[in-house]
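Numbering (the numbering used here), first residue to last: 1 to 305.
These notes concern the structure reproduced below.
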Ligand SMILES: [Zn+2]
């Protein structure tokens, strides 16, 4: 469901990212892409729709309590997100829930906040956004967010919101992709947004700079699998929507690569040797087509084992 334009851009860019090494340029690349990517809207179930190609996957539920948005995408996607939202009615945007603090999920917070929406997030999301935060593996330091962009309703473990006749359950994951991760479950529609603890069909980024890790991510994905049912629509942070089988495959691929790299590190292999040995090679054709190539993913796993 990713647009042809973005997919082509990503494929062209992945070679540049590979050459760039640890200073990946991922942030700059994502922002550049967002300036031209077409944002598309797909109705899912019981009024909940998916917005794609604005950074992380966005969900929206319109209704008399105002539109509820799960994640706000990249800053340059503002105009195209607004256009897509206008297509599903005139309810004002009243509620935003951030799955975590990253720029491709909170980049729209300033304009969403300016429209008067209440922003809900894990308490660490506010903490991370309120001050300059460096992500080493992106080689990028994010400046403190403006006040309007900061979440004001803070979740520490869980929270249930009743909006537009939907029960919306927010649960904090113990440190996984970051230390700010929330899952969001629309219970009646049975649509479960995992945030970035799951990337469907792509190696995920692991943000060690703000509490993330390979083991935390695998743990969170397993915990999610234990929670969702056969009919749950599972929405990843990135990639197409999926079900239990897709999430299971992600867990299997990550676990296999983690075990392989942990064994290499235990034998005393240095990072450069492990990356050169291409421990992800058998999965790269399928899993290395988005932001994280095999070399970078091997490095990210190595950091955490
Ligand atoms: Zn993220």
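Backbone N, C-alpha and C define an ideal beta-carbon position, used for all residues, glycine too.
Taking just the CA atoms, how far does residue 164 sit from residue 63? Against the chain shown, residue 63 aligns to sequence position 63. Against the chain shown, residue 164 aligns to sequence position 164. When rounded, the distance between both Cα atoms is 5 Å.
Assuming residue 84 contacts residue 41 under a Cβ cut-off of 8 Å, what Cβ separation, rounded to an integer in Å, is found between them? As a first step, residue 84 must be located in the chain shown, where it is residue number 84. As a first step, residue 41 must be located in the chain shown, where it is residue number 41. Contact flag correct, Cβ pair sits at about 5 Å.
Classification of residue 276 by the beta-carbon crowding that lies within 10 angstroms, buried from 16 upward: Locating residue 276 in the chain shown gives position 276, where the first residue counts as 1. Residue 276 should be labelled exposed.
Per the contact definition of three or more C-beta pairs closer than 8 Å, is the segment 135-143 in contact with the segment 213-229? no
Assuming residue 245 is part of the beta strand (DSSP E), what are its boundary residues? The count along the chain shown starts at 1 and reaches residue 245 at position 245. Taken as a continuous stretch (DSSP letters only), residue 245 belongs to no beta strand (DSSP E), being part of the alpha helix (DSSP H) at 244-266.
Just to confirm, is the Cβ distance from residue 192 to residue 228 under 8 Å? Position 192 of the chain shown, counted from the first residue, corresponds to residue 192. Position 228 of the chain shown, counted from the first residue, corresponds to residue 228. Going by C-beta atoms, residue 192 is nearer than 8 Å to residue 228.
When 246, 88, 94, 78 are compared against residue 103, the one with the closest alpha-carbon: The sequence position of residue 103 within the chain shown is 103, counting from 1. Measuring from the Cα of residue 103, the nearest candidate turns out to be 78.
Ignore the nearest five residues each way along the sequence and tell me which others in residue 264's own chain have a CB closer than 6 Å to its CB. Taking the first residue of the chain shown as position 1, residue 264 is located at position 264. So the qualifying residues of the chain are 274.
Whole angstroms are fine: how far does the CA of residue 271 sit from the CA of residue 34? The residue you call residue 34 lines up with position 34 of the chain shown. The residue you call residue 271 lines up with position 271 of the chain shown. Roughly 33 Å separates the two Cα atoms.
Proximity test, residue 205 beta-carbon vs ligand 1 heavy atom, cut-off 7 Å: For the purposes of this step, residue 205 is taken as residue 205 along the chain shown, with counting starting at 1. Answer for residue 205: yes, Cβ within range of ligand 1.
Give me the residue from 301, 126, 224 with the minimum Cα distance to residue 254. Translated into the one-based positions of the chain shown, residue 254 becomes position 254. Closest by alpha carbon: 301.
Hey, would you say the C-beta of residue 196 is under 7 Å away from at least one heavy atom of ligand 1? Residue numbering aside, residue 196 sits at position 196 when the chain shown is read from its first letter. Flag set: Cβ of residue 196 near ligand 1.
So, are the CB atoms of residue 132 and residue 142 less than 8 Å apart? Taking the chain shown and counting its residues from 1, the one referred to as residue 132 is at position 132. Taking the chain shown and counting its residues from 1, the one referred to as residue 142 is at position 142. The answer is yes: Cβ separation under 8 Å.
List in chain order: all unbroken beta strand (DSSP E) runs of 3+ residues lying wholly within the segment 28-74. 40-45, 48-52, 58-61, 67-70
What do you get for residue 167, buried or exposed, if any count of 16 or more other CB atoms within 10 angstroms of its CB means buried? As a first step, residue 167 must be located in the chain shown, where it is residue number 167. So residue 167 counts as exposed.
If we ignore side chains and look at the alpha-carbon of each, how far apart do residue 286 and residue 280 end up? Indexing the chain shown from 1 puts residue 286 at position 286. Indexing the chain shown from 1 puts residue 280 at position 280. Using only the alpha carbons, I get a separation of about 11 Å.
Classify residue 160: buried if its beta carbon has 16 or more other beta carbons within 10 angstroms, exposed otherwise. Here residue 160 corresponds to residue number 160 of the chain shown, with the count starting at 1. Classification for residue 160: exposed.
If you follow the beta strand (DSSP E) that residue 167 is in, where does it begin and where does it stop? To locate residue 167, count along the chain shown from 1; it is residue 167. Where residue 167 is concerned, the enclosing beta strand (DSSP E) stretches over 166-172.
Using the C-alpha atoms, what's the distance from residue 147 back to residue 239? On the chain shown, position 239 is the one that residue 239 refers to. On the chain shown, position 147 is the one that residue 147 refers to. So the alpha carbons of these two residues sit roughly 31 Å apart.
So, using beta-carbon positions, are residue 247 and residue 198 closer together than 8 Å? Working through the chain shown from its first residue, we reach residue 247 at position 247. Working through the chain shown from its first residue, we reach residue 198 at position 198. Yes, the Cβ-Cβ distance between residue 247 and residue 198 is below 8 Å.
From residue 112 to residue 49, what distance separates their C-alpha atoms? Counted from its first residue, the chain shown places residue 112 at position 112. Counted from its first residue, the chain shown places residue 49 at position 49. So the two alpha carbons sit approximately 18 Å from each other.
Assuming the contact rule is C-beta atoms closer than 8 Å, residue 95 and residue 60 should be a hit. Round their C-beta distance to whole Å, please. Reading the chain shown from its first residue, position 95 is the one you call residue 95. Reading the chain shown from its first residue, position 60 is the one you call residue 60. With a Cβ gap of about 10 Å, residue 95 and residue 60 do not count as contacting.
Could you say which of 75, 294, 76 lies nearest to residue 205 if we only look at CA atoms? For this step, residue 205 is matched to residue 205 along the chain shown. Ranking 75, 294, 76 by Cα distance to residue 205 puts 294 first.
CA-to-CA distance, residue 118 to residue 91, given in whole angstroms: Sequence index remark: in the chain shown, residue 91 carries index 91 (1-based). Sequence index remark: in the chain shown, residue 118 carries index 118 (1-based). So the two alpha carbons sit approximately 15 Å from each other.
Apart from the five residues on each side of it in sequence, which residues of its chain come closer than 8 Å, Cβ to Cβ, to residue 230? Here residue 230 is taken as the residue at index 230 of the chain shown, counted from 1. Correct list, in chain order: 243, 244.
Please tell me whether residue 170 and residue 58 are closer than 8 Å, where the distance is taken between their beta carbons. Taking the first residue of the chain shown as 1, we reach residue 170 at position 170. Taking the first residue of the chain shown as 1, we reach residue 58 at position 58. For residue 170 and residue 58, no; Cβs fall outside 8 Å.
Output needed for residue 152: all residues of its chain with C-beta closer than 7 Å, excluding positions within five of it in sequence on either side, in chain order. Locating residue 152 in the chain shown gives position 152, counting from the first residue. If we look at residue 152 and ignore the five residues flanking it on each side, its Cβ neighbours are 118, 119.
Could you give the DSSP three-state label for residue 91: helix, strand or coil? To locate residue 91, count along the chain shown from 1; it is residue 91. Here residue 91 sits in coil by DSSP.
Kindly give me the distance between the Cβ atoms of residue 105 and residue 71, rounded to whole angstroms, as I take these residues to be in contact under 8 Å. Position 105 of the chain shown, counted from the first residue, corresponds to residue 105. Position 71 of the chain shown, counted from the first residue, corresponds to residue 71. Indeed they touch by this definition, with Cβ atoms about 4 Å apart.
Can you give me the C-alpha to C-alpha distance between residue 209 and residue 178, rounded to a whole angstrom? In the chain shown, residue 209 corresponds to position 209, counting from 1. In the chain shown, residue 178 corresponds to position 178, counting from 1. Between residue 209 and residue 178, the C-alpha separation is close to 8 Å.
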